[in-house]
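Peer 1: My questions will all concern the structure given below.
In our numbering, the protein residues as written are 21 to 963.
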């Protein structure tokens, strides 16, 4: 591409957080020459689709303007968050490539501060603090841009390409140990103050500033001076400061101190970045609050210099921002306020109350505690649900095992009872045997059986009873054998019947012993089965004991979790108590402020009534003052006339005296009567002169008295005006205090509602926790282990009861706080109602006065109209009466002039009728005239 083509190409410039254009190269050079743009301003070439800076565009040859494709995305800008992050030790700013983005879809926030760019209207030389105006051929740009606006606090994206990211990162890096020394550090420090836009450099004011003591920590000094600057600036801009000269002095001192710190810290780039970030923060808030467009423009340039890490530019633009703030305060001080003392009170525009630090801190802490409480509540609910489920499952298993044990125990007892009865029967049979047939072994076994029967918990009663039964059977068998042999030997001497009976008896006993032996064997089998079942039950019992131990461990874990939860609840309650104490302190402060405001308001109300009465009296006195002034003017005219008369009389007197002297010299030659006449004339003139002189003295005394009265009236009017201004200021402060109190009361009401809901949730949790520890109890003595596992729940219940008591106490205290809030709200409502009532009374008085004036004017107009109408009616009636009289006279003349002619009888009758009608009309006209006269007199009397 040739140079001509490069010259004919158009470019877009990134100015004011948006792209503007297209512009030709000559226009860009002109902008650079007029310092409307900087070399670091970004430019975009649409044909080659490349992005570069204006410095690169003007310095590079035409062949070097070709490059890779880059979207015209917004260049990187350092936001307020990134600038604040520059306080770190490294000072590096991380940049992130934004990639391809469509410019038409970029969302831009609309703010009050919009940079208007119109290059055709800003050809002249401008200061660097002016607004860049480069709006040219914007119809083509609308396809690319939505609108040229910026927001000071909006996050700014970084869209550097990968080819420039490394070089830009290298430019942003810095060395903390760099030993660069500014040559201006040794020069005497002079800082320009009150520098308006466009003032020549040789006309700027320079003031020597002495360093403040204790300014070693630059950041603390700048923060304190910025806070002082912020307060003074807001006070001056809002016209809420009494001593405006003191406010201006504080603004100038803050500017001087900050400028001194910036000059001293130029060698430390990290600290300069931190200081500039703080200045940016404060200036952004002030520009946004007061909608200062010029200050916003300077802040944008300050951020650009912060992004490029140029210390000189940062210091320069920071001083430009401070100068703009000083200019605004000076302009606000020169502005004149309205002289109406009741304008602020009549407007009733509520001022935006500033949030107190204590209330804001309490709100943040309360929100944090609420979030923690919600998290703890959710965790506690989960633990409680799992614990309840495990306890329910363990309880069911325990109840099943206890029922099984009861059944086995009852069956075991029944089996033991049957076995004991069989052993007792075996013992009875053994005792009925012949002692001769009982061997020593059998007798020992019978004794053992007796011991087992006497033992309440026999262990080997079945074995012993079986051995005794076997011994009995053996003994009976031996006895049967002996008897059989004896009967065989003595069969001759004994009858046959007797042998048969004995054998049958023995056989019967043997059968009984056999059945007993069978029962004993069955019993032994049952005992073995019972032993097996008992072993199974022991194993089941061991297993259940293991489960119970596991459940005990789970219960211990749940108790530990409950203790931890209780500790957290205690800490939460402590935090709530601290918050409550903080709220109590705030409420006490608010009550004190509200009481003071109420007392001041009542005092101002009384003073306002006094001032209104005094003003009404002074309004009447003002008429008297006008009369006094008219009288003084009349006296001045009279005095002038008397002075002229005095001079005239003095001249006449001198003439008369000279004439008298002349006549005295020639008295012997002239007539003595002429001398006497001249002497009388002279004496008369002298008396007239003395009277005139005396009258002039009286008029002077009266004029002096009137002048004193007029001065006293003017002085009193000045005092009333100052009193009115003071009352106006106090009313504004009272309104501000009332607004702050209302805001605080609303915030405390919301906090109380949240605390009330939290208290209810805590009570529900406590009730739920109490319900989970209710376990079923049985009257069995073997349940001691299960009861012991849940015995520690009593401690938890005690702790929960303690928490409940503390929650109740907190509820009572919150109720008291609520009553206090209601009292404050009622007092505030009463104050507002009183202010509204006073305003309504004033409006009603004004409207009543207007109505009375309007009614009086209407009545006067009505009376004037009635008088005019009555006068007109009277004139008409008099005219008609005169005409009637004239007509009657003519008719009478005609009647008298005509003789008695028969031919004229018809005419006479007609004339008579006409005369009667005229007389009747005359009577009616006379009555109307009387009515008109009466109405006129009544209207005059009413007027």
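Where a beta carbon is used, it is the ideal one built from N, C-alpha and C, also for glycine. Since the model is a prediction, treat every value here as computed from it, not as a measurement.
Please report the straight-line C-alpha distance between residue 584 and residue 395, rounded to a whole angstrom.
Peer 2: Translated into positions along the chain shown, residue 584 becomes position 564. Translated into positions along the chain shown, residue 395 becomes position 375. Whole-angstrom Cα-Cα distance: 14 Å.
Peer 1: Tell me whether the region 615-625 and the region 418-427 touch, counting them as touching only if at least three CB pairs, one residue from each stretch, are closer than 8 Å.
Peer 2: Because the criterion of three Cβ pairs below 8 Å is not met, the region 615-625 and the region 418-427 do not touch.
Peer 1: Pick out the complete beta strand (DSSP E) segments inside the region 387-415, 3 residues or longer, and give them in chain order.
Peer 2: Those beta strand (DSSP E) runs which fall completely within the region 387-415 and span 3+ residues do not exist here.
Peer 1: Excluding five sequence neighbours on each side, which residues of the same chain lie with their C-beta closer than 7 Å to the C-beta of residue 668?
Peer 2: For the purposes of this step, residue 668 is taken as the residue at position 648 of the chain shown. Within the same chain, residue 668 has no close Cβ partners at all.
Peer 1: Taking only three categories from DSSP, how would you classify residue 885?
Peer 2: Working through the chain shown from its first residue, we reach residue 885 at position 865. In this structure, residue 885 counts as helix in the three-state DSSP scheme.
Peer 1: Under a Cβ-count criterion, where at least 16 other Cβ atoms within 10 Å of its own Cβ denotes burial, should residue 42 be classed as buried or exposed?
Peer 2: For this step, residue 42 is matched to residue 22 along the chain shown. So residue 42 ends up on the buried side.
Peer 1: Can you have a look at residue 531 and say buried or exposed, based on whether 16 or more other CB atoms are within 10 angstroms of its CB?
Peer 2: In the chain shown, residue 531 corresponds to position 511, counting from 1. Classification for residue 531: exposed.
Peer 1: May I ask which residues mark the beginning and end of the alpha helix (DSSP H) holding residue 453?
Peer 2: Within the chain shown, residue 453 is the residue found at index 433, counting from 1. Careful: residue 453 lies outside any alpha helix (DSSP H) and carries neither H nor E.
Peer 1: For residue 841, which three-state DSSP category applies?
Peer 2: Numbered from its first residue, the chain shown carries residue 841 at position 821. Here residue 841 sits in helix by DSSP.
Peer 1: Label residue 986 either buried or exposed according to how many other C-beta atoms from any shown protein chain fall within 10 Å of its C-beta, with 16 as the threshold for buried.
Peer 2: No answer is possible for residue 986: the residues shown for the chain start at 21 and end at 963.
Peer 1: I want to know whether the region 303-317 touches the region 326-337 - three or more CB-CB distances under 8 Å.
Peer 2: Output reads no: the region 326-337 does not touch the region 303-317.
Peer 1: Can you tell which of 388, 853, 611, 534 has the C-alpha that lies nearest to the C-alpha of residue 449?
Peer 2: Mapped onto the chain shown, residue 449 falls at position 429. Among 388, 853, 611, 534, the Cα nearest to that of residue 449 is on 534.
Peer 1: Does DSSP put residue 73 in a helix, a strand or coil?
Peer 2: Numbered from 1 along the chain shown, position 53 holds the residue referred to as residue 73. It is a strand residue.
Peer 1: Is it right to say residue 389 is buried, meaning 16 or more other beta carbons lie within 10 angstroms of its own, or is it exposed?
Peer 2: Taking the first residue of the chain shown as 1, we reach residue 389 at position 369. Buried.
Peer 1: Take residue 8 and list the residues in its own chain whose beta-carbon comes closer than 7 Å to its own, dropping the five residues that flank it on each side.
Peer 2: As shown, the chain starts at 21 and ends at 963. That puts residue 8 outside it, with no answer to give.
Peer 1: So, at 8 Å on beta carbons, what are the nonlocal neighbours of residue 854 in its own chain, with the 5 sequence-adjacent residues on each side left out?
Peer 2: The residue you call residue 854 lines up with position 834 of the chain shown. Within the same chain, residue 854 has close Cβ partners 621, 625.
Peer 1: How many angstroms separate the CA atom of residue 248 from the CA atom of residue 274?
Peer 2: Here residue 248 refers to the residue found at position 228 of the chain shown. Here residue 274 refers to the residue found at position 254 of the chain shown. Approximately 7 Å, taken between the alpha carbons.
Peer 1: Rounded to whole angstroms, how far is the Cβ of residue 71 from the Cβ of residue 64, which I believe are closer than 8 Å?
Peer 2: Translated into the one-based positions of the chain shown, residue 71 becomes position 51. Translated into the one-based positions of the chain shown, residue 64 becomes position 44. Right, the Cβ-Cβ distance comes to about 5 Å (below 8 Å), so this counts as a contact.
Peer 1: Buried or exposed: where does residue 397 fall if 16 or more other Cβ atoms within 10 Å of its Cβ makes it buried?
Peer 2: Translated into the one-based positions of the chain shown, residue 397 becomes position 377. When all chains shown are included, residue 397 counts as buried.
Peer 1: Can you tell me which of 286, 727, 60 puts its alpha carbon nearest to the alpha carbon of residue 35?
Peer 2: Taking the chain shown and counting its residues from 1, one reaches residue 35 at position 15. Cα-wise, what sits closest to residue 35 is 60.
Peer 1: Residue 749 to residue 264, Cα distance in whole Å?
Peer 2: The residue labelled residue 749 in the question sits at position 729 within the chain shown. The residue labelled residue 264 in the question sits at position 244 within the chain shown. Answer to the nearest angstrom: the Cα atoms are 14 Å apart.
Peer 1: Out of curiosity, what's the CA-to-CA distance linking residue 612 and residue 407?
Peer 2: For the purposes of this step, residue 612 is taken as residue 592 along the chain shown, with counting starting at 1. For the purposes of this step, residue 407 is taken as residue 387 along the chain shown, with counting starting at 1. Going from the Cα of residue 612 to the Cα of residue 407 covers about 51 Å.
Peer 1: As an exercise, report each continuous alpha helix (DSSP H) stretch of at least 4 residues that is fully enclosed by the region 278-342, in chain order.
Peer 2: With a minimum length of 4 residues, the continuous alpha helix (DSSP H) runs that stay inside the region 278-342 are 289-310, 313-328.
Peer 1: What three-state label does DSSP hand residue 474 in the structure shown?
Peer 2: As a first step, residue 474 is located in the chain shown; it is residue number 454 there, counting from the start. In this structure, residue 474 counts as helix in the three-state DSSP scheme.
Peer 1: How about residue 341 and residue 297: do their beta carbons lie closer than 8 Å?
Peer 2: Residue numbering aside, residue 341 sits at position 321 when the chain shown is read from its first letter. Residue numbering aside, residue 297 sits at position 277 when the chain shown is read from its first letter. It is not a contact, given that the beta carbons lie outside the stated cut-off.
Peer 1: Where do the ends of the alpha helix (DSSP H) carrying residue 53 lie?
Peer 2: As a first step, residue 53 must be located in the chain shown, where it is residue number 33. Unbroken alpha helix (DSSP H) run through residue 53: 45-53.
Peer 1: Given that a residue counts as buried once 16 or more other Cβ atoms are within 10 Å of its Cβ, and exposed if not, what is residue 467?
Peer 2: Mapped onto the chain shown, residue 467 falls at position 447. When all chains shown are included, residue 467 counts as exposed.
Peer 1: Between which two residues does the beta strand (DSSP E) containing residue 30 stretch?
Peer 2: Taking the chain shown and counting its residues from 1, one reaches residue 30 at position 10. Residues 30-34.
Peer 1: Quick one: what's got a C-beta closer than 7 Å to residue 577's C-beta in the same chain, skipping five residues either side?
Peer 2: As a first step, residue 577 is located in the chain shown; it is residue number 557 there, counting from the start. Within the same chain, residue 577 has no close Cβ partners at all.
Peer 1: Have a look at the DSSP bridge pairing and note the partners of residue 65.
Peer 2: By one-based count along the chain shown, residue 65 stands at place 45. For residue 65, which the question treats as bridged, DSSP gives the partners 70.
Peer 1: To the nearest angstrom, report how far apart residue 664 and residue 878 are at their CA atoms.
Peer 2: Numbered from its first residue, the chain shown carries residue 664 at position 644. Numbered from its first residue, the chain shown carries residue 878 at position 858. Distance between the alpha carbons of residue 664 and residue 878 is about 51 Å.
Peer 1: Hey, how far is the Cα of residue 556 from the Cα of residue 780?
Peer 2: Reading the chain shown from its first residue, position 536 is the one you call residue 556. Reading the chain shown from its first residue, position 760 is the one you call residue 780. Going by the C-alpha atoms only, they are around 52 Å apart.
Peer 1: Express the C-alpha separation of residue 743 and residue 703 in angstroms, rounding to a whole number.
Peer 2: Residue numbering aside, residue 703 sits at position 683 when the chain shown is read from its first letter. Residue numbering aside, residue 743 sits at position 723 when the chain shown is read from its first letter. Their Cα atoms are separated by approximately 60 Å.
Peer 1: Closest to residue 617 by C-alpha separation, out of 429, 844, 280, would be which residue?
Peer 2: The residue you call residue 617 lines up with position 597 of the chain shown. When each option's Cα is compared against that of residue 617, the closest is 844.
Peer 1: Got a sec? Which residues, its chain only, sit under 8 Å from residue 52 by beta carbon, not counting five neighbours each side?
Peer 2: The residue given as residue 52 occupies position 32 in the chain shown. Here the set comprises 59, 74, 78.
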